[in-house]
Amino acid sequence: MTTHPDVDGAPSISAHQSLLAQAFRDVLNEGAADAAPFGNQKLTSPAFASGADASRYEPVWSRTPVTGPAAPDSSFGAISEKAVSPFFSGAVSLPSHSFSPDTAAQGSTAPYFLHASQKPGSVVKTLSGYDIRQIKNDFPILNQSVNGHKLVWLDNAATTQKPRAVIDATSRFYERDNSNIHRAAHTLAARATDAFEGAREKLQRFIGAHEAAEIVFVRGTTEAINLVAQSYGRANIGAGDEILITTIEHHANIVPWQLLAKQTGAVLRVAPVNDKGELLLEQFAALLSGRTKIVAVTHVANALGTINPIEQIIALAHAYGVPVLVDAAQSSPHLPLNVAALDADFLVLSGHKVYGPTGIGILYGKRELLEAMPPWQGGGHMIRDVTFTHTEFQGLPEKFEAGTPDIAGAVGLGAAVDYLEQIGLPAIAAHEHALLEYATAEFERLPDVRIIGTAAAKASVLSFVVKGHDVTDVAKYLDSYGIAARSGHHCAQPALRRFGVEATVRASFGLYNSFEDVDTLVSTLRLLVRH
Ligand SMILES: Cc1ncc(COP(=O)(O)O)c(C=O)c1O
Numbered sequence: 001m002t003t004h005p006d007v008d009g010a011p012s013i014s015a016h017q018s019l020l021a022q023a024f025r026d027v028l029n030e031g032a033a034d035a036a037p038f039g040n041q042k043l044t045s046p047a048f049a050s051g052a053d054a055s056r057y058e059p060v061w062s063r064t065p066v067t068g069p070a071a072p073d074s075s076f077g078a079i080s081e082k083a084v085s086p087f088f089s090g091a092v093s094l095p096s097h098s099f100s101p102d103t104a105a106q107g108s109t110a111p112y113f114l115h116a117s118q119k120p121g122s123v124v125k126t127l128s129g130y131d132i133r134q135i136k137n138d139f140p141i142l143n144q145s146v147n148g149h150k151l152v153w154l155d156n157a158a159t160t161q162k163p164r165a166v167i168d169a170t171s172r173f174y175e176r177d178n179s180n181i182h183r184a185a186h187t188l189a190a191r192a193t194d195a196f197e198g199a200r201e202k203l204q205r206f207i208g209a210h211e212a213a214e215i216v217f218v219r220g221t222t223e224a225i226n227l228v229a230q231s232y233g234r235a236n237i238g239a240g241d242e243i244l245i246t247t248i249e250h251h252a253n254i255v256p257w258q259l260l261a262k263q264t265g266a267v268l269r270v271a272p273v274n275d276k277g278e279l280l281l282e283q284f285a286a287l288l289s290g291r292t293k294i295v296a297v298t299h300v301a302n303a304l305g306t307i308n309p310i311e312q313i314i315a316l317a318h319a320y321g322v323p324v325l326v327d328a329a330q331s332s333p334h335l336p337l338n339v340a341a342l343d344a345d346f347l348v349l350s351g352h353k354v355y356g357p358t359g360i361g362i363l364y365g366k367r368e369l370l371e372a373m374p375p376w377q378g379g380g381h382m383i384r385d386v387t388f389t390h391t392e393f394q395g396l397p398e399k400f401e402a403g404t405p406d407i408a409g410a411v412g413l414g415a416a417v418d419y420l421e422q423i424g425l426p427a428i429a430a431h432e433h434a435l436l437e438y439a440t441a442e443f444e445r446l447p448d449v450r451i452i453g454t455a456a457a458k459a460s461v462l463s464f465v466v467k468g469h470d471v472t473d474v475a476k477y478l479d480s481y482g483i484a485a486r487s488g489h490h491c492a493q494p495a496l497r498r499f500g501v502e503a504t505v506r507a508s509f510g511l512y513n514s515f516e517d518v519d520t521l522v523s524t525l526r527l528l529v530r531h
């Protein structure tokens, strides 16, 4: 680790170490529970009035109050016991019934995270209160056969399936409310505007942002990162400045920064990972300096499943006054998020990864950052006044929403986060992690199968190669049994090359996957390796 004597006010190496130590303490001690209250967050269900007033010109959302918290759906059990996990952005509350005696006996700081050393046979096969059959039934697409076998969808890291609630919300919008938003004085415009702005409020709540104006609707994670790179980046990053990412980023968090670096003369720096795919935090810290102008890092790595220590990353970057963009494309379906508790400067996610529609996602940015940023794209919606010589822009968030947005997509995304909150992210995380631990233990007993990405803190991704079998052939073989798993480079070529492979097969679990799905995957792979 190096120090940075060239930088005025940069922390010394010992300050670094105490910062790191404090960051770890903050995550592990009870105090973090108060700082990151999302586990106890009650669900609100904004009832946007869509009663239209044809005479008004003021947008209806600006006058429509959001109602207070609604009770969580009791069918998913009371959320009571507190647990502190180093894998989460602080402390979370978990359903009491998700604890198994096995894990409790081990005295883990993360009681529902089953230990990798645990014997496969001792892994709990169901988490009571998590009604997997009911959840599967919520997803009509899962009720079909593919190649003569019941569909097993294990391509969730690429995209997730949509619950009935999302499908209904989207079609209801087109059946009843479809209109362009924000300006017209007619009834349907008011309803559509309410629905769109209501979705923004839901997303605000979902990620714990201070205000809805900090949520910008975009096409998805890729567009959000490009927006930050081109708007924040062009305004704040110049020749010789540095952009810090990690080895295990999705291409969406590499290429936009490369483009910016080419345009400005900035330099892209890459923090390495160890052989398990875990970020080397000290080396990350050593790469920070007064030249660093932004850190852009994935929360969960899509090709490996690694959960990055995002709290420590942010604390370290902030010690240098460097803003952090968190790519939450892969964490948002699995882990509770709270940007305020994390003190994230930007956070981006895609609707289709959180059981919502494709073509919609969000950029979160702190108000002061977004306000200071120039617009990225120009056009309708984002202006207050236009002449041929001058344009006055709207405030947040419209300044960044040029043109007609994906209104139905936003409505569907709002329904998706409602659905996730009904089940509860802590319960989902517990279920998925149990699946991952079970599958990992089963995979370790399969001959000729190598798991790529073995970090201690992982979300539900199993990337693997099978000796003597091309990854595409493995995926086709699985497909012949109705199992959808992805093969290829997963848009993370540098991450895979770090492990000496160009491609893997990736099974990724979602909230509707069952232990039986894992059994089907494992027994089919066993058939393949016996061939
Ligand atoms: C970590 C990560 N970042 C960014 C993206 C890009 O998301 P989208 O294609 O929805 O823009 C993905 C998609 O797989 C991802 O996994």
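Read left to right, the sequence shown gives residues 1 to 531 (UniProt numbering). Glycine residues also receive a C-beta, built at the ideal position from the N, C-alpha and C atoms.
Exercise for the section: Assess, as a yes-or-no matter, whether the region 421 to 429 is touched by the region 466 to 480 under the definition of 3 or more beta carbon pairs within less than 8 angstroms. Expected result: The answer is no - the region 421 to 429 does not touch the region 466 to 480, with fewer than three Cβ pairs under 8 angstroms.
Problem - Spatial distance of Leu363 from Glu214 (CA atoms) - result: Taking the sequence shown and counting its residues from 1, the one referred to as residue 363 is at position 363. Taking the sequence shown and counting its residues from 1, the one referred to as residue 214 is at position 214. Those two C-alpha atoms are separated by around 8 angstroms.
Handout entry: Distance, Ala459 Cα to Ser331 Cα
Key = The sequence position of residue 331 within the sequence shown is 331, counting from 1. The sequence position of residue 459 within the sequence shown is 459, counting from 1. When the Cα atoms are used, Ser331 and Ala459 turn out to be separated by approximately 8 angstroms.
Handout entry: Rounded straight-line distance, which links the Cα of Ala457 to that of Val518
Key = By 1-based counting over the sequence shown, the position of residue 518 is 518. By 1-based counting over the sequence shown, the position of residue 457 is 457. Cα atoms of Val518 and Ala457: separation of roughly 20 angstroms, rounded to the nearest angstrom.
Exercise for the section: Enumerate in chain order the residues of its own chain whose CB-to-CB distance from Leu528 is below 6 angstroms, with the five nearest sequence positions on each side excluded. Expected result: Position 528 of the sequence shown, counted from the start, is the residue given in the question as residue 528. Cβ neighbours of Leu528 beyond the five flanking positions: Tyr477.
Problem - Where Ser487 sits in the DSSP three-state scheme - result: Indexing the sequence shown from 1 puts residue 487 at position 487. In the structure shown, Ser487 sits in a strand (DSSP, three-state: E or B).
Practice task
Please indicate yes or no: does the CB of Asn308 lie closer than 6 angstroms to some heavy atom of ligand 1?
Solution key: Taking the first residue of the sequence shown as 1, we reach residue 308 at position 308. Because no heavy atom of ligand 1 lies under 6 angstroms away, the Cβ of Asn308 does not count as near it: no.
Problem - Phe206 (DSSP reduced to helix, strand or coil) - result: By 1-based counting over the sequence shown, the position of residue 206 is 206. Phe206: helix per DSSP, three-state reduction.
Exercise for the section: Indicate whether Ala317 and Val324 have their beta-carbon atoms separated by less than 7 angstroms. Expected result: Taking the sequence shown and counting its residues from 1, one reaches residue 317 at position 317. Taking the sequence shown and counting its residues from 1, one reaches residue 324 at position 324. Yes, these two residues count as a Cβ contact at 7 angstroms.
Handout entry: Ser514, DSSP secondary structure in three states
Key = Walking along the sequence shown from the start, residue 514 turns up at place 514. In this structure, Ser514 counts as coil in the three-state DSSP scheme.
Problem - Where His469 falls: helix, strand or coil (DSSP) - result: Against the sequence shown, residue 469 aligns to sequence position 469. Strand.
Practice task
Report the three-state DSSP secondary structure of Gln106 (helix, strand or coil).
Solution key: Counting from one through the sequence shown, the residue named residue 106 turns up at place 106. Low confidence applies here, because Gln106 scores a pLDDT of 29, under 50, leaving its location unreliable; read the following figure in that light. Here Gln106 sits in coil by DSSP.
Problem - Any 3 or more C-beta pairs closer than 8 angstroms across the region 246 to 262 and the region 296 to 305 - result: A contact is defined here as three or more CB-CB pairs under 8 angstroms, and the region 246 to 262 meets this definition with respect to the region 296 to 305.
Practice task
Give every residue of the same chain whose Cβ lies closer than 7 angstroms to the Cβ of Asp448, excluding the five residues on either side of it in the sequence, and list them in chain order.
Solution key: Your numbering for residue 448 matches position 448 in the sequence shown. For Asp448, the CB contacts under 7 angstroms within the same chain, skipping 5 residues up- and downstream, are Val466, Lys467, Gly468, Val529 in chain order.
Exercise for the section: Out of Pro374, Ala495, Ala485, state which residue places its alpha-carbon closest to the alpha-carbon of Gln230. Expected result: As a first step, residue 230 must be located in the sequence shown, where it is residue number 230. Answer by Cα proximity: Pro374.
Exercise for the section: Give every residue of the same chain whose Cβ lies closer than 6 angstroms to the Cβ of Lys366, excluding the five residues on either side of it in the sequence, and list them in chain order. Expected result: Walking along the sequence shown from the start, residue 366 turns up at place 366. Scanning its chain for C-beta atoms nearer than 6 angstroms, with the 5 sequence neighbours on each side dropped, one finds around Lys366 the residues Asp345, in chain order.
Practice task
Please confirm if the region 481 to 494 is in contact with the region 402 to 420, defined as three or more CB-CB distances below 8 angstroms between the two stretches.
Solution key: At 8 angstroms Cβ cutoff, the stretches do not touch.
Problem - Per DSSP, the bridge partner or partners of Leu259 - result: Position 259 of the sequence shown, counted from the first residue, corresponds to residue 259. Looking at the DSSP assignment, Leu259 forms no beta bridge with any residue, so it has no partner.
Handout entry: Cutoff 6 angstroms; reference Tyr481; Cβ partners in own chain excluding five residues on either side
Key = As a first step, residue 481 must be located in the sequence shown, where it is residue number 481. Apart from sequence neighbours up to five positions away, the residues of its chain that approach Tyr481 with a beta-carbon distance below 6 angstroms are His149, Thr524, ordered along the chain.
Handout entry: Per DSSP, cross-strand counterpart(s) of Ser350
Key = If you number the sequence shown from 1, residue 350 lands on position 350. Gly361.
Practice task
Please find out if some non-hydrogen atom of ligand 1 comes closer than 6 angstroms to the beta-carbon of Ser350.
Solution key: As a first step, residue 350 is located in the sequence shown; it is residue number 350 there, counting from the start. Yes - ligand 1 has a heavy atom lying nearer than 6 angstroms to the Cβ of Ser350.
Practice task
Say whether the region 256 to 268 touches the region 236 to 243, bearing in mind that this needs 3 or more beta-carbon pairs closer than 8 angstroms, one atom from each stretch.
Solution key: Segments in contact, yes.
Practice task
Enumerate in chain order the residues of its own chain whose CB-to-CB distance from Val218 is below 7 angstroms, with the five nearest sequence positions on each side excluded.
Solution key: To locate residue 218, count along the sequence shown from 1; it is residue 218. Taking C-beta separations shorter than 7 angstroms and ignoring five residues to either side along the sequence, the partners of Val218 in its chain run Ala224, Leu227, Gly361, Ile362, Leu363, following chain order.
Practice task
Assess, as a yes-or-no matter, whether the region 391 to 407 is touched by the region 416 to 426 under the definition of 3 or more beta carbon pairs within less than 8 angstroms.
Solution key: Because the criterion of three Cβ pairs below 8 angstroms is not met, the region 416 to 426 and the region 391 to 407 do not touch.
Exercise for the section: Determine, using beta-carbon pairs with one atom in the region 194 to 212 and one in the region 383 to 390, whether at least three such pairs fall under 8 angstroms. Expected result: Contact fails: fewer than three Cβ-Cβ distances are below 8 angstroms.
Handout entry: As assigned by DSSP and simplified to three states, the class of Asp343
Key = As a first step, residue 343 is located in the sequence shown; it is residue number 343 there, counting from the start. Asp343 falls in the coil class under three-state DSSP.
Problem - C-beta atoms of Gln144 and Leu151 nearer than 7 angstroms - result: By one-based count along the sequence shown, residue 144 stands at place 144. By one-based count along the sequence shown, residue 151 stands at place 151. Yes. Within cutoff.
Handout entry: Distance cut-off 6 angstroms: Ala329 Cβ against heavy atoms of ligand 1
Key = Locating residue 329 in the sequence shown gives position 329, counting from the first residue. Under cutoff, so the answer is yes.
Problem - Outcome for Ala415 when other beta-carbon atoms lying within 10 angstroms are tallied against a minimum of 16 - result: On the sequence shown, position 415 is the one that residue 415 refers to. Buried, since its Cβ has 16 or more Cβ neighbours within 10 Å.
Practice task
May I ask you to list the residues that DSSP assigns as paired with Ser508?
Solution key: Locating residue 508 in the sequence shown gives position 508, counting from the first residue. Under DSSP, Ser508 forms a beta bridge with Asp155, Val461.
Exercise for the section: Can you give me the Cβ contacts of Leu521 inside the same chain, cut-off strictly under 8 angstroms, excluding the 5 residues immediately before and after it? Expected result: For the purposes of this step, residue 521 is identified with residue 521 of the sequence shown, where counting begins at 1. Only Val152, Leu154, Ala439, Leu478, Ile483, Ala485, Ala507 meet the Cβ criterion.
Practice task
Using alpha carbons as the reference points, say which of Met382, Arg498, Glu432 lies closest to Leu511.
Solution key: Translated into positions along the sequence shown, residue 511 becomes position 511. Proximity to Leu511 across Met382, Arg498, Glu432 peaks at Glu432, based on C-alpha coordinates.
Problem - Among Ala495, Gly380, Gln283, Leu260, nearest to Gly251 - alpha-carbon criterion - result: For the purposes of this step, residue 251 is taken as residue 251 along the sequence shown, with counting starting at 1. Before going further, note that residue 251 is His rather than Gly in the sequence given. Ranking the options by Cα distance to His251, first place goes to Ala495.
Handout entry: Limits of the unbroken alpha helix (DSSP H) element including Leu496
Key = Here residue 496 is taken as the residue at index 496 of the sequence shown, counted from 1. In the DSSP assignment, Leu496 falls within the unbroken alpha helix (DSSP H) covering 493 to 497.
Handout entry: Supposed close pair Phe284, Ile314 - CB separation, criterion 8 angstroms
Key = In the sequence shown, counting from the first residue as 1, residue 284 sits at position 284. In the sequence shown, counting from the first residue as 1, residue 314 sits at position 314. The pair is not a contact, with the Cβ atoms about 11 angstroms apart (cut-off 8 angstroms).
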